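> Have a look at this one.
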Amino acid sequence: MLQFSEIDGYLDGYEGDKAYEAVKKLISGSISDRIGLYCRFAHACYIRSNNCFKDVEKCKAILGEAHEACKKAYELDAKNKDVLKWCSIITGSLADISDGEERIELAHEACKKAYELDAKNKDVLKWCSIITGSLADISDGEERIELAYEFKVANLSQTKPIMATKLFSNTSTMYTFDEALKDLFKAEEMNPRQLDNLLFIAKCFLAKGDKVQAHHYLMLMNECNLVDEADEVMMVEANDLLKMIDTVDDASHEETAKENSLIESTISDDEREDMRLSGSIEEEAGPSDNEMSRA
1 MLQFSEIDGY
11 LDGYEGDKAY
21 EAVKKLISGS
31 ISDRIGLYCR
41 FAHACYIRSN
51 NCFKDVEKCK
61 AILGEAHEAC
71 KKAYELDAKN
81 KDVLKWCSII
91 TGSLADISDG
101 EERIELAHEA
111 CKKAYELDAK
121 NKDVLKWCSI
131 ITGSLADISD
141 GEERIELAYE
151 FKVANLSQTK
161 PIMATKLFSN
171 TSTMYTFDEA
181 LKDLFKAEEM
191 NPRQLDNLLF
201 IAKCFLAKGD
211 KVQAHHYLML
221 MNECNLVDEA
231 DEVMMVEAND
241 LLKMIDTVDD
251 ASHEETAKEN
261 SLIESTISDD
271 EREDMRLSGS
281 IEEEAGPSDN
291 EMSRA
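Residue numbers 1 to 295, in the UniProt record's numbering, belong to the letters of the sequence shown in order.
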């Protein structure tokens, strides 16, 4: 729309501060498309929050502004796809840096509705996965349960039973990491080489015990360009996971070497001589009857 062309230009250029200031000027005016204005305000705040991701309190404050705008947009049209998309993204971002159950509930509800309206939207798939990860982040290990969403984006985690019952009391079907990967791969097909999506794919494979695939997707992250602090934080986590995988592999190889060395040390000199002689006799005997027949 013409009235939003300047703002959209800033958003397309990932210039969050300029977009934010431009929207603020219009909010106090008489723009008829309030929904479009609120969604653009949320978008601008999201970009700004990604550029101060290491300052958690500042990030929360910016996302709090966006959250208020999303609530206003939701009140105007609760079935608008753009509204639900930004409700999902903003509440998901808040959940990702917060341990508050209320915000996680909001994120869960927003993503569920957004999925029902637009199941193929890459942002919906991505943020549903991020919210799942946020639930795992506030785990205290009281009981191992399956966290699941009706839209089949799921994660296995240890979390608080009371909270899980509250959030998922109507969920009758449990999903697995494989189900989560299906939707993460869909998001990857629609918008390839996104850092957050690659990170969640790697985490799913790690949870499944597949270090080879996890390593592959973590390495793909190194090919991506970093555009803000949020990307920098994700790359730090990816590199930490790579180091962990390499450390575990090194420890495994070292343990195997120790076991082999221990076995070697338990073999007596007489046994070694018998093994040597046995090998020499087999070499002198030539091929067996079976080997001759195969020839």
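We put the CB at the ideal spot given by N, CA and C, even for glycine.
For clarity, every value in this text was computed on a predicted model and none was experimentally measured.
For Leu76 versus Ala44, is the C-beta spacing smaller than 8 Å?
Taking 8 Å as the Cβ cut-off, Leu76 and Ala44 do not qualify as a contacting pair.
> Take every Cβ of the stretch 33–48, pair it with every Cβ of the stretch 65–76, and state whether three or more of those distances are shorter than 8 Å.
Yes, they touch.
> DSSP on Asp33, reduced to helix/strand/coil?
Coil.
> Can you list, in chain order, the residues of its chain with a C-beta nearer than 7 Å to that of Phe4? Leave out the 5 residues immediately preceding and following it.
So the qualifying residues of the chain are Gly36 and Arg40.
> Given Lys211, which residues of its chain have a CB within under 7 Å of its CB, disregarding the five upstream and five downstream residues?
Closer than 7 Å at the Cβ level, and outside the excluded window around Lys211, lie Ile245.
> In whole angstroms, give me the CA-to-CA distance for Glu232 and Lys54.
Distance between the alpha carbons of Glu232 and Lys54 is about 9 Å.
> What's the C-alpha gap between residue 297 and Trp86?
Nothing can be reported for residue 297: it is not among the residues displayed for the chain, which extend from 1 to 295.
> Between the Cα of residue 301 and those of Thr91, Asn50 and Lys58, spot the shortest distance and give me the residue it belongs to.
Because residue 301 is not part of the residues shown, which for the chain are 1 to 295, the question remains open.
> Taking one C-beta from the stretch 21–32 and one from the stretch 46–63 each time, how about it: are there three or more such pairs within less than 8 Å?
With a cut-off of 8 Å, the stretch 46–63 and the stretch 21–32 do not count as touching, because too few Cβ pairs lie within range.
> Going by other Cβ atoms of all chains shown within 10 Å of its Cβ, with 16 needed for buried, is Cys48 buried or exposed?
At residue 48 the sequence reads Arg, which differs from the Cys that was named. Answer is buried; the Cβ neighbour count reaches 16.
> Rounded to a whole number of angstroms, what is the C-alpha to C-alpha distance between Phe177 and Lys25?
Straight-line Cα distance between these residues: approximately 45 Å.
> Note down the Cα distance separating His67 from Glu237, rounded to an integer number of angstroms.
Taking the straight line joining both Cα atoms gives about 27 Å.
> Determine the contact status of Leu195 and Met221, defining contact as a CB-CB distance below 8 Å.
A contact, by the Cβ cut-off of 8 Å.
> Is it the case that the Cβ atoms of Ser93 and Tyr46 are separated by a distance below 8 Å?
It is a contact, given that the beta carbons lie within the stated cut-off.
> According to DSSP, is Phe177 helix, strand or coil?
Correct three-state label for Phe177: helix.
> Below 8 Å between beta carbons: does that hold for Leu242 and His216?
No. Outside cutoff.
> What do you reckon, are the CB atoms on Asn50 and Asp240 nearer than 8 Å?
No, they are not a contact pair.
> Could you compute how far the alpha carbon of Glu150 sits from the alpha carbon of Ala42?
With a pLDDT of 28 at Glu150, under the threshold of 50, the modelled position of this residue cannot be trusted; read the value that follows with caution. Each residue's alpha carbon lies about 26 Å from the other.
> Identify whether Asn50 lies in helix, strand or coil by the three-state DSSP scheme.
Correct three-state label for Asn50: helix.
> How far does the alpha helix (DSSP H) with Asp17 in it extend, from its first residue to its last?
Element bounds for Asp17: Gly16 to Ile27.
> Counting contacts by CB-CB distance shorter than 8 Å, is Ala44 in contact with chain C?
The structure shown contains no chain C; it is built from a single protein chain.
> Measure the alpha-carbon distance for Leu84 versus Leu206 and round it to whole angstroms.
If I take the Cα positions, the gap works out to 31 Å.
> Measuring only the C-alpha atoms, how far is Glu188 from Asn197?
Approximately 7 Å, taken between the alpha carbons.
> Report the residue from Thr247, Leu226 and Met235 whose alpha carbon sits nearest the alpha carbon of Tyr14.
Ranking Thr247, Leu226 and Met235 by Cα distance to Tyr14 puts Leu226 first.
> Let me know the secondary structure DSSP gives Ile7 once reduced to three states.
Here Ile7 sits in helix by DSSP.
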